[in-house]
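Let me begin by presenting the structure, written as structure tokens, before commenting on it.
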Amino acid sequence: MADLTTIHGARERVVHTGGVELCVVELGDSARPTVVLVHGYPDSKEVWSEVATRLADRFHVVLYDIRGHGRSTAPKPLRGGFTLEKLTDDFVAVIDAVSPDRPVHVVGHDWGSVQSWEFVTVRRTEGRIASFTSMSGPSLDHFGHWIKQRMKRPTPRKVGQLLGQGAKSWYVYMLHTPVLPELAWRGPLGKRWPKILERVERIPAGDYPTASLPSDAAHGAWLYRDNVRARLAHPREDAYAHAPVQLITPLGDAFLSPKLYDQLELWAPRLTRRTLPAKHWVPRTRPDQLTAWIGEFVTATEELEDGVPPQQKAADGKYADRFGGQLVLVTGAGSGIGRATAFAFAEAGARLIAVDRDAESAARTAEMAQLIGAPEAWAEAVDVSDEQAMEKLAEKVAAEHGVVDVLVNNAGIGLSGSFFDTTPEDWKKVLDVNLWGVIHGCRLFGRQMAERGQGGHIVNTASAAAFQPSKALPAYSTSKAAVLMLSECLRAELAGQGIGVSAICPGLVNTNITSTARFVGADSAEEERRQKKSSRLYGLRNYPPEKVADAILAAVVHDKAVVPVTPEARGAHLMSRFTPRALRAIARLEPPL
Amino acid sequence: MTSAVVRELSAELRGFREVQTLAYECAEAVAAQLKPGVTEREAARMQREWLRERGVRDWFHLPFAWFGDRTAFTGFRIPLQFFPTNRRLEAGMPFILDMAPVFKGYTADIGYSGCLGLNPLHDKLLADLEAHRELILREVRERRPLREIYESVDRLMVRQGYANRHRAYPFGVIAHKVDRVRERRLNPTLFGFGTQSLKGLASDALHGHRDGWSPLWSPYRFSDHPPQPGLWAVEPHLGFRGTGAKFEEILVVTDSADPEESAFWLDDDLPHVRRWAEGI
Numbered sequence: 001m002a003d004l005t006t007i008h009g010a011r012e013r014v015v016h017t018g019g020v021e022l023c024v025v026e027l028g029d030s031a032r033p034t035v036v037l038v039h040g041y042p043d044s045k046e047v048w049s050e051v052a053t054r055l056a057d058r059f060h061v062v063l064y065d066i067r068g069h070g071r072s073t074a075p076k077p078l079r080g081g082f083t084l085e086k087l088t089d090d091f092v093a094v095i096d097a098v099s100p101d102r103p104v105h106v107v108g109h110d111w112g113s114v115q116s117w118e119f120v121t122v123r124r125t126e127g128r129i130a131s132f133t134s135m136s137g138p139s140l141d142h143f144g145h146w147i148k149q150r151m152k153r154p155t156p157r158k159v160g161q162l163l164g165q166g167a168k169s170w171y172v173y174m175l176h177t178p179v180l181p182e183l184a185w186r187g188p189l190g191k192r193w194p195k196i197l198e199r200v201e202r203i204p205a206g207d208y209p210t211a212s213l214p215s216d217a218a219h220g221a222w223l224y225r226d227n228v229r230a231r232l233a234h235p236r237e238d239a240y241a242h243a244p245v246q247l248i249t250p251l252g253d254a255f256l257s258p259k260l261y262d263q264l265e266l267w268a269p270r271l272t273r274r275t276l277p278a279k280h281w282v283p284r285t286r287p288d289q290l291t292a293w294i295g296e297f298v299t300a301t302e303e304l305e306d307g308v309p310p311q312q313k314a315a316d317g318k319y320a321d322r323f324g325g326q327l328v329l330v331t332g333a334g335s336g337i338g339r340a341t342a343f344a345f346a347e348a349g350a351r352l353i354a355v356d357r358d359a360e361s362a363a364r365t366a367e368m369a370q371l372i373g374a375p376e377a378w379a380e381a382v383d384v385s386d387e388q389a390m391e392k393l394a395e396k397v398a399a400e401h402g403v404v405d406v407l408v409n410n411a412g413i414g415l416s417g418s419f420f421d422t423t424p425e426d427w428k429k430v431l432d433v434n435l436w437g438v439i440h441g442c443r444l445f446g447r448q449m450a451e452r453g454q455g456g457h458i459v460n461t462a463s464a465a466a467f468q469p470s471k472a473l474p475a476y477s478t479s480k481a482a483v484l485m486l487s488e489c490l491r492a493e494l495a496g497q498g499i500g501v502s503a504i505c506p507g508l509v510n511t512n513i514t515s516t517a518r519f520v521g522a523d524s525a526e527e528e529r530r531q532k533k534s535s536r537l538y539g540l541r542n543y544p545p546e547k548v549a550d551a552i553l554a555a556v557v558h559d560k561a562v563v564p565v566t567p568e569a570r571g572a573h574l575m576s577r578f579t580p581r582a583l584r585a586i587a588r589l590e591p592p593l
Numbered sequence: 001m002t003s004a005v006v007r008e009l010s011a012e013l014r015g016f017r018e019v020q021t022l023a024y025e026c027a028e029a030v031a032a033q034l035k036p037g038v039t040e041r042e043a044a045r046m047q048r049e050w051l052r053e054r055g056v057r058d059w060f061h062l063p064f065a066w067f068g069d070r071t072a073f074t075g076f077r078i079p080l081q082f083f084p085t086n087r088r089l090e091a092g093m094p095f096i097l098d099m100a101p102v103f104k105g106y107t108a109d110i111g112y113s114g115c116l117g118l119n120p121l122h123d124k125l126l127a128d129l130e131a132h133r134e135l136i137l138r139e140v141r142e143r144r145p146l147r148e149i150y151e152s153v154d155r156l157m158v159r160q161g162y163a164n165r166h167r168a169y170p171f172g173v174i175a176h177k178v179d180r181v182r183e184r185r186l187n188p189t190l191f192g193f194g195t196q197s198l199k200g201l202a203s204d205a206l207h208g209h210r211d212g213w214s215p216l217w218s219p220y221r222f223s224d225h226p227p228q229p230g231l232w233a234v235e236p237h238l239g240f241r242g243t244g245a246k247f248e249e250i251l252v253v254t255d256s257a258d259p260e261e262s263a264f265w266l267d268d269d270l271p272h273v274r275r276w277a278e279g280i
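Protein sequence lines correspond, in order, to chains A and B.
Position 212, counted from 1, in the first sequence is what UniProt numbering calls 212; the numbers after and before it change by one each time, with no gaps.
Position 260, counted from 1, in the second sequence is what UniProt numbering calls 260; the numbers after and before it change by one each time, with no gaps.
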């Protein structure tokens, strides 16, 4: 048994129920809404310590060791002592003690979520639970129906889903063997477990797992033995959630397939879905994101209970489950692809920082973003090529809004003209904005992301010109090729930290980059003529920046490395790989300007 | 311009103003009756019946109604998609009513944007249309080529963050000429357009082609000429991610040397103008 609780500032008490003593701790002001965090297997309440301390300044946070875990005592005998019914008794005893008059918000991870599904679907807790946030733990009843449904009408896809989940559940069969799991946990596995977690799940070293792990894991084997077979064979028919449910699905979970939740709306009518690119132990690896989502959900539910209408319409964009509440920074957000990208993230419910050299258009982007779903949006007038200004921006953002979850380095300028017409000043200007702007962004905001250690994503807008040589765009293409290579190198470097890097290569897109592009080697009248002509050409092509924005969001969601967007960009990308000579021949052609 | 011409024009303008007022009254009356569940077809029929009861027998085009993301012409590729569908109105949804009745031989063509309930985004779009009304008048008075004015409007929309949705109109027009229409006993329509009005437009196009102007105000080369005197139904149309808003009203262009008289909006007492004046 562990000596002391490791959660700072926690008030501890013991709750007696059904012959066991439960160790319950509380944080925060007990007048605030109560959030009960239920841990999984093989964990103790300390798995929540990061999340609990973050939630404590806004809520009354309650954690408890479930029976047989941490500092709670185990039932005697163990067999039959861990049924969902008994776990529900424990839960009711805890909430009676910590929040007798007010319904509580339940948050469950892994087995904590499995048992919380039971809490939220049985009659006797009706009116006692205000909301439920579930992660990495389905209801055994829903799971049972899920299996039955797939067995009854086995299509190839359904059989695939069954086999896939069956393979992921290997540990469930293991835990059903007698004695062996206990021996392993109390012996070598228990000793190695922290290292395994660190390596496989990339859990930062610290106060978790606790010293009670071997006995927690050994006792917890009975969670499986007492419930899994019985419930999967005879799932309850009335397992409907009587409170709003927020489902957080880590997409990289090694134990649970996201397909498990395909028809969850049938069981939980008031369902909010969230997804996040992470592995199983999200309370340890993504505490900031979980805190944000839990806080938001609890607050929204509370307001609804009080009859306060929601402050804003819920974002219902395509990727709202993924970007809702995340902090996104877009450079060059005052027009074109940057603005469209800002709007697309806004529609997905992200909080937005719109950065542009032009203060007025950045403000406009932020203002419109809030009208279409961004809960918050700010505008910043910064020139990305200005190192000091960027450093100031990074400090300000970190201080006022936190670490950026998605960074889009999009700002760029166009420059056309032969190599010998391009002066050193022209080169400097293009490289300063197109390349150095990206370097500053990655350096400053990327470092914050890496240091936080909770993942993130960087998107750099390169160009199809990055792999398509042209005699008309030597400086521009060079800057964009550098951005492409930088992105790929950085992707390799940050892969270990759960930070993705994508390079977007749009191609000819109808934005105002053509009307502001410089054409060197031409007088001002000729330059204006070429600007007009190229704008008209791009206008005729009429590929909307909104489609590039969609590609950017998809690139983040699917963590793609290089994304050519328009058909011609995709064609050029293919040619650069398979017929580079043809591409070089095209490079010699005179552009139609 | 001689005073006789002005007087005669004024008499004519009164006729146009009367039918434009009638059309906007119709739009407001129908908009007031819209409720959740009404389809675009029903809304179009309500407009048609309201105007028929008040003596309208011919149309420049039959009334249209667009609901929800159709106000932004999302996914419009062929002109048939302009016609009203069975799309039902829901709370918070924007809508546009567009009609072009002919009354006593005078034509109007109006567009009315509204919203069923509160929609801050729609309010913003409507408010931003004011700048376009001012811009168009100013540049027409400056006698800029219509194509250039079109591009100015386009640029303003881009700056505001919107997509230019009149690009989706046939020939991408932002405006077209309207004229008097001879009254007949039978007034057949062709693809929703009154045949008499189409005839007028066609003959304008023919004459215009000889003299180097076009009755359609578009982004193309055939609109590369200064504003042609006459009456233009102007319809800047903003679109923003599934929400659209526009107004459509008549701009009078004359050959007067006085800028004030060379171009003016036929009527300033219209719902959207009143809205801006009240500062909503």
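Using N, Cα and C, we set each Cβ at its ideal position, and we do this for glycine too.
Note that the coordinates shown come from a computational prediction; the quantities given were computed from them, not determined experimentally.
Original post:
Would F323 of chain A be called buried (16 or more neighbouring beta carbons within 10 Å of its own) or exposed?
Top reply: buried
**OP:** Would you please verify whether the beta carbon of F343 of chain A is less than 9 Å from any beta carbon of chain B?
**Re:** yes
Subject >> Span separating the alpha-carbon of R17 of chain B from that of L266 of chain B >> reply: 7 Å
Original post:
L327 of chain A lies in the beta strand (DSSP E); which residues open and close that run?
Top reply: 327 to 331
Original post:
So the alpha helix (DSSP H) T514 of chain A belongs to, where does it begin and stop?
Top reply: 513 to 516
**OP:** Determine the DSSP secondary structure at S524 of chain A, reduced to helix, strand or coil.
**Re:** helix
Subject >> Opposing strand residues paired with Y112 of chain B [DSSP bridges] >> reply: B:L97
Original post:
Excluding the five sequence neighbours on either side, which residues of its own chain have a C-beta within less than 6 Å of the C-beta of T107 of chain B, listed in chain order?
Top reply: F60, V178, V181
Original post:
For the alpha helix (DSSP H) that contains Y224 of chain A, what are its first and last residues?
Top reply: 213 to 233
**OP:** Anything in chain B within Cβ reach of S361 of chain A, meaning under 9 Å, just list it in chain order.
**Re:** R159, G161
**OP:** Could you have a look at W213 of chain B and say whether DSSP puts it in helix, strand or coil?
**Re:** coil
Subject >> Beta-carbon spacing of W281 of chain A, H142 of chain A below 9 Å >> reply: no
Subject >> Identity of the residue in A:A333, A:G402, A:T341, A:E395 nearest A381 of chain A by Cα >> reply: A:A333
Subject >> Segment limits, beta strand (DSSP E) that includes P250 of chain A >> reply: 245 to 250
Subject >> First and last residue of the uninterrupted alpha helix (DSSP H) at C489 of chain A >> reply: 474 to 494
Original post:
Looking at the structure shown, is N460 of chain A part of a helix, part of a strand, or coil, going by DSSP?
Top reply: strand
Original post:
Looking at chain B, which residues of the segment 455 to 489 of chain A have a Cβ within less than 9 Å of any of its Cβ atoms?
Top reply: none
Original post:
Does the count of Cβ pairs from the segment 122 to 137 of chain A and the segment 43 to 54 of chain A closer than 8 Å reach three?
Top reply: no
Original post:
Quick one, which residues of the segment 212 to 224 of chain B are near chain A if we go by CB-CB under 9 Å, in chain order?
Top reply: P219
Subject >> G317 of chain A versus A:D358, A:A278, A:L304, A:A369, residue with shortest Cα-Cα distance >> reply: A:A369
**OP:** Confirm the yes/no value for this check: CB of L247 of chain A, any heavy atom of the ligand GTP, distance under 8 Å.
**Re:** This structure lacks the ligand GTP; in fact it carries no ligand of any kind.
Original post:
Taking the alpha carbon of F103 of chain B as the point to measure from, which residue in B:F247, B:W217, B:L190, B:L13 has its own alpha carbon closest?
Top reply: B:L13
**OP:** Within the same chain, show all residues whose beta-carbon is closer than 6 Å to that of R273 of chain A, passing over the 5 residues directly before and after it, in chain order.
**Re:** L247, D321
Original post:
Leaving out the 5 sequence neighbours to the left and right, which residues in its chain are closer than 7 Å to Y224 of chain A when beta-carbon positions are compared?
Top reply: V172, L175, H176
Subject >> Distance between S214 of chain B and D204 of chain B (C-alpha atoms, nearest Å) >> reply: 7 Å
**OP:** Give, in chain order, every unbroken run of the beta strand (DSSP E) that is at least 3 residues long and sits entirely within the segment 24 to 103 of chain B.
**Re:** 58 to 67, 94 to 103
Original post:
Fully enclosed by the segment 169 to 217 of chain B, which beta strand (DSSP E) runs are 3 residues long or longer?
Top reply: 175 to 178
**OP:** Report yes if the CB atom of P564 of chain A is closer than 9 Å to the CB atom of P506 of chain A, and no otherwise.
**Re:** yes
**OP:** Please list the partners that A124 of chain B has in chain A, where partner means a Cβ-to-Cβ separation under 7 Å.
**Re:** Reading the sequence as shown, one finds Lys at residue 124 of chain B and not Ala. Simply L371.
Subject >> Proximity winner among A:Y319, A:Y208, A:R577, A:R541, relative to P567 of chain A (alpha-carbon distances) >> reply: A:R541
Subject >> Close Cβ partners of M575 of chain A (< 7 Å) along its chain, the five nearest in sequence each way excluded >> reply: A582, L583
Original post:
What does E347 of chain A reach in chain B if we use C-beta pairs closer than 8 Å?
Top reply: R241
Subject >> Neighbourhood of L593 of chain A by C-beta distance below 7 Å, restricted to the same chain and skipping five residues each side >> reply: R530, K533, S534
Subject >> Proximal residues to A315 of chain A (C-beta, below 7 Å), its chain only, five neighbours per side dropped >> reply: G324, E347, A348, G349, G373
**OP:** Count the C-beta pairs between the segment 72 to 85 of chain B and the segment 138 to 151 of chain B that are closer than 8 Å, then say yes if the count reaches three, no if not.
**Re:** no
Original post:
What span of residues does the beta strand (DSSP E) with P564 of chain A cover, start to end?
Top reply: 562 to 564
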